[in-house]
Amino acid sequence: MITMSAAPRDSLQSVRAASKPANPAPTMTILGRAMLILPGKQTFSWVHRQLMALPIEDYAIIADTQTAALVGRNGCIDWLCVPRFDSGAIFAALLGNEENGHWTLSPAGEIHAVRRQYRQDTLVLETEFETADGVVKLIDFMPPRGEAPDVVRIVEGVRGSVPMRMELRLRFDYGHVVPWVYQEKGDLVAVAGPDAAWLRTPIPTHGENMATHAEFTVGPGDKVPFVLTWRASHLPPPAPIDPIEELGATEGYWRGWVSACTYEGEWREAVVRSLLTLKALTYAPTGGIVAAATTSLPEKLGGVRNWDYRFCWLRDATITLQSMLYSGFQSEAAAWRKWLLRAIAGDPAELQIMYGVAGERRLDEYVADWLTGYDGNPVRIGNAAAEQFQLDVYGEVMDALHQGRRAGLKADDPAWGLQVKLMDFVEKHWHDPDEGIWEVRGGPKQFVHSKLMAWVAADRAVKAVEEFDLEGPTERWVKLRDEIRAEILEKGYDHERRTFTQFYGSEELDAALLMVPLVGFLPADDERVTGTVAAIERELLQDGFVQRYTQHHETDVDGLPPGEGAFLACTFWLADNYALMGRHDEAREVFDRLLALRNDVGLLSEEYDTDARRLVGNFPQAFSHVPLIDTARTLSDARAATQSRVQEGLK
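The opening residue of the sequence shown carries number 5 in the working numbering; numbering runs sequentially from there.
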C-alpha cells in the first residue's frame, strides 16, 4: 500500500469522560483473529495470525437502517456490506480470514478482561478492554444514513495509559478485490472499480503488508476518533462528519425511536432489544426487512446448510409487521405494507417467497469460492429458493394485511383488489405440492403446514369481508375454507399416533404444526393439538430446544445431509402452545431457557447447536427476535389473565 503521513499525534481530541463506567459483565476468554489464548489465563494479546472468525455469539450489530456491520468482542469488524445489506462486503473476514477484509482496534498488549454493552435503548456499542496498563473503551456505531454510509469508532481512555493498535484491511467484492490506497488532503482513500472508501482520523497511519496500520496511546479522557465512509468511486469525496456530534445524534435517534414502544409487559428489556434489532434489519428507503444481516453462517458447523439471508422473505416480514404493530410502531408497519404491495404487485402466479430490499425479483445464487467459509462452509451469494413455490406465503400475506386493517392501517386502498386476485390463485392451486416453509430442496410435497396457511388465507379473506364491509365472494371462500380444513384433518392427521404429520401420508413430524392453535385452526386444548405437542416433545425436543422436523435418511425430505441446530422460532412456538394450554410454568421455563441463549448484548441467531452449545445460523435473525417479542406478550397476557381471574375469585 502507498501511504503518506497523516495529522500529527498531538492533534487528537482530549475530552474528559463525564459518563459513568459501563456496568461490569462477566469476563470471557476470547479466541479470535489477532488474538492468542494464554493457557490457564483469561487474557489475550495482539498477534498477526490468520485465524478463523469468532463464535457467532461473540458478535454485535451496528446499523444505519440501510446496512449493518458485525463487531467482535476482540474489537474487530469482520462483516460489512455497502451501501446495502445485499451489496458486496468490504469486510468479509467473517466468511474467510483476515486477508478478506477486517478492521481491528484493540489494545496492543495483553488483555485481561472484556466487557461490552449497548448504551441504553440504542445501537451504540461499547466494548471495554482491561489491561495491565489500564482500561480503554471502544465506542462503535453507524449514524443513521446521511450522504453516505459511515462507520464511526471512538477509542476513549478510562484509566491508565493504554497503547493501542489499529489494522484496516479493506477488500471490496466480498474480499476479492484489493484496492489502491493513497493519501489525499490528510484522508486515506481506497479505490477499486465502483467502490471507494475514506478513512479520516487525527492520528498517523502507515501501510504494511497490504493493510493500513496505526499505533497510539490513550490516557484518561482521551477520545480518538476514526471514521470510515464508503461512496461510489465516480462521485466526489463524501463530506466529513464530526464523530462526537454524530455520537450524540445517533443516541438521540435510537432513543427517540424506542420512545414509541407501547409494550409494558414483563421482559421489557429483552423485547426492546429485539425491536431495536428488527429496526436495524430494516431498509429504510423502501421499508423492506431483511431476514438477517449475513449470508452463509452455518445451520450445522462444518456442513452445507447455509444460505444468504440478506433479502426480504414475505414470511419473515409479515410476522415482523405484526410484532411492530402490537408494539406501537405504526410507521414501520405502514412502510413495510407499502413495500409488500409494491413487491407482490402483478400476476399472483409470479408471487415470490422473497425479494431484494427494494423489491428486486432476481436473486441468482452462486458460490464465492475464493472464501473459505465460516467453519469451512460454502459461501453462497444470492438465494435460489426465491424461485420455489411455497403455498404458505399466501396465507401469511393475507393474515398480515388483515391484521394491519385491524390495527388501523388503510382499509380502503387498492390492497383489497390485490388480495382478491391472490385468493383466486389460492383457490386454483391449494391442492398443488410445494417446497414448504423450510424451503426443502428434495422436491415438492403436500406439506400440512402449507395447507394450514392456505386455510388461513381463506379464513382471513372471509373475515375481511365480514369485519370491514369489503366486497368479495364470501360464500365461495367459506366453502373453500371448509374444504381445506376437512382435507387437513383427513390426510394431515395420523389418528394412530395422534399427531399432525409433516406431509400427507408421512410419518415425519414438523414443528411448524405448532402453528395450528396460534393461527386459530383448532383450540389449544383440542386433543389433536395436545397430541401433536406430545409427539414433538417426544421426537423433536432435544436438550430443551425444538428441532424443525425429523430427518430420516429414507425420507430425504430436504435433499440435504441430516443434522442441524435446534430452531429457536419453533421453541418459542412451543412456549406459546404451553401458555395457551394453561401450562404456564412450563411456558415460562422454556422462555427463560431461550432468553439465556442470547449473547451478552441480547442477540440471537437462527438456531442453537445443543452439542457444541453455540449459536448457529445467520445473525442476528429476525425470525428469532420476532417470536421472542410475541411469546413475551403471550406470557404477559396469560399472567395478567390469571391474576384477573384470581382477583375475581377473591371478590
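Glycine residues also receive a C-beta, built at the ideal position from the N, C-alpha and C atoms.
_Alpha-carbon to alpha-carbon, Leu522 and Val430_ = For the pair Val430 and Leu522, the Cα-to-Cα distance works out to about 21 Å.
_Beta-carbon proximity of Ile65 to Ala349, cut-off 7 Å_ = No, the pair does not count as a contact, with Cβ atoms beyond the cut-off.
*DSSP bridge partner residues for Asp154 (one or two, in chain order)*: BP columns for Asp154 point to Thr233.
*Name the DSSP bridge partner or partners of Gln121?*
For Gln121, which the question treats as bridged, DSSP gives the partners Glu130.
*Within 7 Å (strictly less), CB to CB, does Arg489 reach chain C?*
Among the chains in the structure shown there is no chain C, since it carries only a single protein chain.
*For Gln647, I'd like the list of residues in its chain whose CB is within less than 7 Å of its CB, leaving aside the five on either flank, ordered along the chain.*
At Gln647, the pLDDT of 43 sits below 50, so the modelled position is not reliable; the number obtained from the coordinates is stated separately. Counting only Cβ-Cβ distances below 7 Å, and skipping sequence neighbours, we find nothing.
*With distances taken Cα to Cα, identify the nearest neighbour of Gly548 among Leu601, Thr536, Val185, Asp514.*
For the residues Leu601, Thr536, Val185, Asp514, the minimum Cα distance to Gly548 belongs to Leu601.
*Kindly indicate which residue of Val533, Phe571, Thr554 has the alpha-carbon position closest to the one of Glu543.*
Measuring C-alpha to C-alpha distances from Glu543 to each of Val533, Phe571, Thr554 identifies Thr554 as the nearest.
*Provide the residue(s) that pair with Ala64 in DSSP beta bridges, ordered along the chain.*
Beta-bridge pairing by DSSP links Ala64 to Val75.
*Which residues in the same chain as Ala136 place their Cβ atom closer than 8 Å to its Cβ, once the five residues preceding and following it in sequence are excluded?*
Same-chain partners within the cutoff: Gly113, Glu114, His116.
_Minimum C-alpha distance to Leu118 - residue among Asp62, Asn213, Asn104_ = For clarity, residue 118 is Val in the given sequence; the question names Leu instead. Of the residues Asp62, Asn213, Asn104, the one whose Cα lies closest to the Cα of Val118 is Asp62.
_Cβ contact (3+ pairs, closer than 8 Å) linking the region 334-343 and the region 291-298_ = Yes: at least three Cβ pairs fall under 8 Å.
*In or out: Gln70 buried (at least 16 other Cβ within 10 Å) or exposed?*
Around the beta carbon of Gln70, 16 or more other beta carbons sit within 10 angstroms, so the residue counts as buried.
*Could you round the C-beta distance between Gly399 and Val466 to whole angstroms and report it? I think they count as a contact, below 8 Å.*
Not a contact, Cβ separation roughly 13 Å.
*Given a cut-off of 7 Å, decide if Asp514 and Gln506 are closer than it, judged by their beta-carbon atoms.*
Yes, they are a contact pair.
_Candidates Thr281, Asp641, Lys304: closest to Thr324 by CA position_ = Cα-wise, what sits closest to Thr324 is Thr281.
*What does a CB cutoff of less than 6 Å around Phe178 pick up in its chain, not counting 5 residues either side in sequence?*
Phe is not the amino acid found at residue 178; the sequence shown has Tyr there. Here the set comprises Gly92, Ala93, Ala96, Ala372.
*asked:* Mapping the DSSP letters down to three states, classify Pro148 as helix, strand or coil.
replied: If DSSP states are grouped into helix, strand and coil, Pro148 belongs with coil.
*Which residues bound the beta strand (DSSP E) around Gln326?*
Per DSSP, Gln326 belongs to no beta strand (DSSP E); it is in the alpha helix (DSSP H), 318-330.
*Between Asn27 and the rest of its own chain, which residues show a CB-CB distance below 7 Å, the 5 nearest in sequence each way excluded?*
Bear in mind that a pLDDT of 33 at Asn27, under 50, signals an unreliable position, so the number given afterwards is only what the model happens to contain. Result list for Asn27: Gln121, in chain order.
_Taking the beta strand (DSSP E) that Val193 belongs to, which residues open and close that run?_
Start and end: 191-196.
*asked:* How far does the beta strand (DSSP E) with Cys80 in it extend, from its first residue to its last?
replied: Taken as a continuous stretch (DSSP letters only), the beta strand (DSSP E) holding Cys80 covers 80-85.
*asked:* Looking at the secondary structure, which residues open and close the alpha helix (DSSP H) in which Trp202 lies?
replied: From DSSP, Trp202 is part of no alpha helix (DSSP H) but of the beta strand (DSSP E) over 199-204.
*Grab the span of the alpha helix (DSSP H) containing Met457 for me, first residue to last.*
Where Met457 is concerned, the enclosing alpha helix (DSSP H) stretches over 452-472.
_Contacts around Val520, its chain only, beta-carbon distance under 6 Å, and the 5 residues preceding and following it disregarded_ = Result list for Val520: Leu526, Val533, in chain order.
*Which residues share a DSSP beta bridge with Gln625?*
Note: Gln625 is bridge-paired with Ala296 in the DSSP secondary-structure output.
_In the DSSP assignment, the alpha helix (DSSP H) including Ser278 goes from what residue to what residue?_
For Ser278, the uninterrupted alpha helix (DSSP H) run begins and ends at 272-284, by DSSP.
*Since Ser110 is in the beta strand (DSSP E), which residue starts that stretch and which ends it?*
Looking at the DSSP string, the run of the beta strand (DSSP E) that includes Ser110 is 106-111.
*asked:* Between which two residues does the beta strand (DSSP E) holding Tyr186 run?
replied: In the DSSP assignment, Tyr186 falls within the unbroken beta strand (DSSP E) covering 184-188.
*Identify the residues that DSSP records as bridge partners of Glu611: which are they?*
Residue pairing by DSSP places Glu611 opposite Phe571, Val620 in a beta bridge.
*asked:* Between the region 381-391 and the region 311-328, can you find at least three pairs of beta-carbon atoms closer than 8 Å?
replied: Flag = yes, the region 311-328 and the region 381-391 touch.
_Going by the DSSP bridge assignment, what does Gln334 pair with across the sheet?_
Its beta-bridge partners do not exist; DSSP assigns none.
*With DSSP as the reference, label Phe576 as helix, strand or coil.*
In this structure, Phe576 counts as helix in the three-state DSSP scheme.
*Exposed unless 16 or more other CB atoms sit within 10 angstroms - verdict on Gln356*: The residue in question, Gln356, is buried, as its Cβ has 16 or more Cβ neighbours within 10 Å.
_Selection from Glu364, Gly421, Ser331, Ala353 that minimises the alpha carbon distance to Ala347_ = That would be Glu364, whose Cα lies nearest to the Cα of Ala347.
*Assign Phe504 to one of three DSSP states: helix, strand, or coil.*
Note: Phe504 maps to strand in three-state DSSP.
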